[in-house]
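K.L.:
Once you've had a glance at the structure underneath, I'll fire off some questions.
Chains as they are written, first to last, in the numbering used here: chain A, 32 to 371; chain B, 5 to 292.
So this is what it looks like as structure tokens:
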């Protein structure tokens, strides 16, 4: 029992001693040969992915072939030449075939793009974009709701697609509207939305990348889109609610938008878009027919005549939306046409 | 004695093992080699801000205004302590102020009679009310001064049409905003003129103190200047219409015949700003 402590210490020592092997200090590199025919390969930290002669330990005669050089830079701590184990390793074969002099004479394509290889290839991929949109420009009635866009990228920068928005049951009449009615005794015609759908073209002229906190990098692009579609709206009876009850109207709309997409990976991104739906709105007539409701329903003086309910002029309306959502690109993987 | 010696030797060997293990971890880090070993995300980074003064003339446009739009001209002055942190001030003057379609509509169509006499500008006294401009009673923003810190967490580059490449950064700023406004003055209280009196529709100047924050992008076509776009908010409550909206009844939700702070309503007071920034010294530092 008294010896248990010693056995325990012995066992600990036996377990830990092998670790010392990992902690050996690096061997100092061997002095470079003076003949200049071989690179000194002894640096254990040399980049294993670099061909010999490219690591800064090139032979004195820079245009000499590396064929005579001891290939490879990684010999490991035990001094084993990796090329003797795997002669077909890239750094071994490359070192034997590169003639630095000839390589230096080759023409170089000097043009370098800011982003050499786009992070995401969109061409021939389908984009599924669910989002939630908020109204930005209507203080009286806001029209938030869910939306879904489907875009097919014909090229890397151009897509055709559809988007659909639903507003039914989500329209919100604001307190601001009530305050104005009560204070100034004026009524502003209001409309609810039910749904809208558009055929759109999307163009992606901008892309780039950001370094976050100097530590990580993420990619983004910016796009513009535009199209034509249909929106269903309905006036809210505020001028003469006792006699007027409106139905949904189908109206043609045009839309333009500008969006920003931040990629989490090569198939998933967050989107933020501002879109303007423009159309000619049919609003409630601020004037009420002054005749009796007992007049024939087709009489222009009967306030229950639906023909008197609408303002004779249609009003150009902008519905500016802020859309927040995600973008899913399908298929989720792709291959670059050219190597990086 | 012998036992103690053996115990001491074993303890020393164990301690050496523990020490060696710690050393092994360090050695293993060294063994991670390659061109990217320990490399920063970006090399040879142009430090556009670090140690530089920034002078940025700017134009700001108010957004989503109910009764009156304001265009402010001003400038932002920053000294960037590091590439990601700057200290400075933004100041602007409300150069142009125009009314919205809603204000114009109220001005044209709101009836001037006893029931609206407290809320809509008019001439004369009961029962002979005449029309006066509603637009004159709507509040306006005259000037803004905002000491602030600017934090730049993201920076990168942007390709436009695959032809134009510009360095870009994204920043967040925050501080305290001192906002000079004009709004309808108090009336209808004890010792004050009745709010139905036309003289009470005149605007009075005051200063609001509010937090302010913004987010923006800067684009660098050259080393010594950039242009940018910024969204900013100055959230505070004020009475933009000059209406008597609250003060009486349940939860004070009904008009009380007085204009006072209870009629102020909270608003984000959003602005979009475009600016051009000029930097001193004109050449930025380059990182490793």
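Glycine is no exception: its CB is placed at the ideal position from the N, C-alpha and C atoms.
Got a sec, what are the start and stop residues for the beta strand (DSSP E) residue 60 of chain B sits in?
P.N.:
Per DSSP, residue 60 of chain B belongs to the beta strand (DSSP E) from 57-66.
K.L.:
In angstroms, rounded to a whole number, what distance separates the CA positions of residue 99 of chain B and residue 132 of chain B?
P.N.:
37 angstroms
K.L.:
Any beta carbon of chain A sitting closer than 9 angstroms to that of residue 185 of chain B?
P.N.:
no
K.L.:
Under 8 angstroms between beta-carbons, which chain A residues line up against residue 123 of chain B? List them in chain order, please.
P.N.:
Near residue 123 of chain B (Cβ distances below 8 angstroms), the residues of chain A are 214, 215.
K.L.:
Using the beta-carbon of each residue, which ones in chain A are nearer than 7 angstroms to residue 110 of chain B?
P.N.:
215, 217
K.L.:
I want to see whether chain E comes within less than 9 angstroms of residue 228 of chain B, judged by CB atoms only; does it?
P.N.:
The structure shown contains no chain E; its protein chains are A and B.
K.L.:
Can you pull out the residues from the region 141-169 of chain B whose beta carbon lies closer than 7 angstroms to at least one beta carbon of chain A?
P.N.:
With the criterion set as a beta carbon lying under 7 angstroms from some beta carbon of chain A, the members of the region 141-169 of chain B are 157, 158, 159, 160, 161, 162, 163, 164, 165, 169, in sequence order.
K.L.:
Does the beta-carbon distance from residue 274 of chain A to residue 324 of chain A come in below 9 angstroms?
P.N.:
Residue 324 of chain A sits close to residue 274 of chain A, with the two beta carbons spaced by under 9 angstroms.
K.L.:
Which same chain residues end up closer than 7 angstroms to residue 86 of chain B when comparing Cβ atoms and leaving out the 5 residues on each side of it in sequence?
P.N.:
54
K.L.:
Confirm the yes/no value for this check: CB of residue 72 of chain B, any heavy atom of the ligand MG, distance under 8 angstroms.
P.N.:
Looking for the ligand MG in the displayed structure turns up nothing, as the structure carries no ligands at all.
K.L.:
Do residue 59 of chain B and residue 76 of chain B have their C-beta atoms within less than 9 angstroms of each other?
P.N.:
Not in contact: residue 59 of chain B and residue 76 of chain B (Cβ atoms no closer than 9 angstroms).
K.L.:
Buried or exposed: which applies to residue 312 of chain A, given that a residue is buried once 16 or more other Cβ atoms fall within 10 Å of its Cβ?
P.N.:
A residue is called buried when at least 16 other Cβ atoms come within 10 angstroms of its Cβ; residue 312 of chain A meets this threshold and is buried.
K.L.:
I need the straight-line Cα distance from residue 292 of chain A to residue 188 of chain A, nearest angstrom please.
P.N.:
Cα atoms of residue 292 of chain A and residue 188 of chain A: separation of roughly 13 angstroms, rounded to the nearest angstrom.
K.L.:
Can you pull the chain A neighbours of residue 207 of chain B, defined as C-beta to C-beta under 7 angstroms?
P.N.:
By Cβ distance, chain A contributes nothing, its closest Cβ being about 17 angstroms from residue 207 of chain B, past 7 angstroms.
K.L.:
Which residues of chain A have a Cβ atom closer than 7 angstroms to the Cβ of residue 174 of chain B, listed in chain order?
P.N.:
241
K.L.:
Shortest alpha-carbon distance to residue 218 of chain A belongs to which of A/268, A/304, A/154?
P.N.:
A/268
K.L.:
Using 8 angstroms for Cβ pairs, my map puts residue 72 of chain B next to residue 94 of chain B. What's the rounded Cβ distance?
P.N.:
Contact doesn't hold; Cβ gap of about 21 angstroms is too wide.
K.L.:
Report yes or no: do the region 115-123 of chain B and the region 212-219 of chain B share at least 3 C-beta pairs separated by less than 8 angstroms?
P.N.:
no
K.L.:
Taking only the alpha-carbon atoms, compute the straight-line gap between residue 367 of chain A and residue 231 of chain A and give it to the nearest angstrom.
P.N.:
27 angstroms
K.L.:
So for residue 156 of chain A, helix, strand or coil by DSSP?
P.N.:
In the structure shown, residue 156 of chain A sits in coil (DSSP, three-state: anything other than H, G, I, E or B).
K.L.:
What first and last residue would you give for the alpha helix (DSSP H) that runs through residue 109 of chain B?
P.N.:
Here the alpha helix (DSSP H) through residue 109 of chain B covers 105-113.
K.L.:
Under a Cβ-count criterion, where at least 16 other Cβ atoms within 10 Å of its own Cβ denotes burial, should residue 48 of chain B be classed as buried or exposed?
P.N.:
exposed
K.L.:
Can you tell me whether residue 272 of chain B is helix, strand or coil according to DSSP?
P.N.:
coil
K.L.:
Can you tell me whether residue 61 of chain B is buried or exposed, with buried defined as 16 or more other CB within 10 angstroms of its CB?
P.N.:
Its Cβ having fewer than 16 others within 10 Å, residue 61 of chain B is exposed.
K.L.:
So if I threshold CB-CB distances at 7 angstroms, which residues from the region 221-254 of chain A count as touching chain B?
P.N.:
236, 237, 238, 239, 240, 241, 242, 243, 244, 245, 246, 247, 248
K.L.:
Which of the three DSSP states is assigned to residue 292 of chain A in this structure?
P.N.:
strand
K.L.:
Within 10 angstroms of the Cβ of residue 287 of chain B, are there 16 or more other Cβ atoms? Answer buried if so, exposed if not.
P.N.:
Answer is exposed; the Cβ neighbour count stays below 16.
K.L.:
Would DSSP call residue 213 of chain A helix, strand or coil?
P.N.:
helix
K.L.:
Three Cβ pairs or more, each shorter than 8 angstroms: is that satisfied between the region 197-213 of chain B and the region 157-171 of chain B?
P.N.:
no
K.L.:
May I have the straight-line CA-CA distance separating residue 183 of chain B from residue 212 of chain B, to the nearest angstrom?
P.N.:
5 angstroms
K.L.:
Anything in chain B within Cβ reach of residue 167 of chain A, meaning under 9 angstroms, just list it in chain order.
P.N.:
67, 68
K.L.:
Note down, in chain order, each residue of its chain lying with its Cβ closer than 6 angstroms to the Cβ of residue 141 of chain B, except the 5 sequence neighbours on either side.
P.N.:
125, 188, 205, 246
K.L.:
Within 9 angstroms of any Cβ in chain B, is that where the Cβ of residue 207 of chain A sits?
P.N.:
So, interface residue.
K.L.:
I need the straight-line Cα distance from residue 233 of chain B to residue 289 of chain A, nearest angstrom please.
P.N.:
The straight-line gap from Cα to Cα measures roughly 15 angstroms.
K.L.:
Report all residues from its chain with a CB closer than 8 angstroms to the CB of residue 227 of chain A; omit the five preceding and five following residues, and keep chain order.
P.N.:
The beta carbon of residue 227 of chain A sits closer than 8 angstroms to the beta carbons of 195, 196, 198, 260, 261, 262, 263, 284, 308 from its chain, once the five residues preceding and following it are set aside; these are given in chain order.
K.L.:
Around the Cβ of residue 137 of chain B, are there at least 16 other Cβ atoms within 10 angstroms (buried) or fewer (exposed)?
P.N.:
exposed
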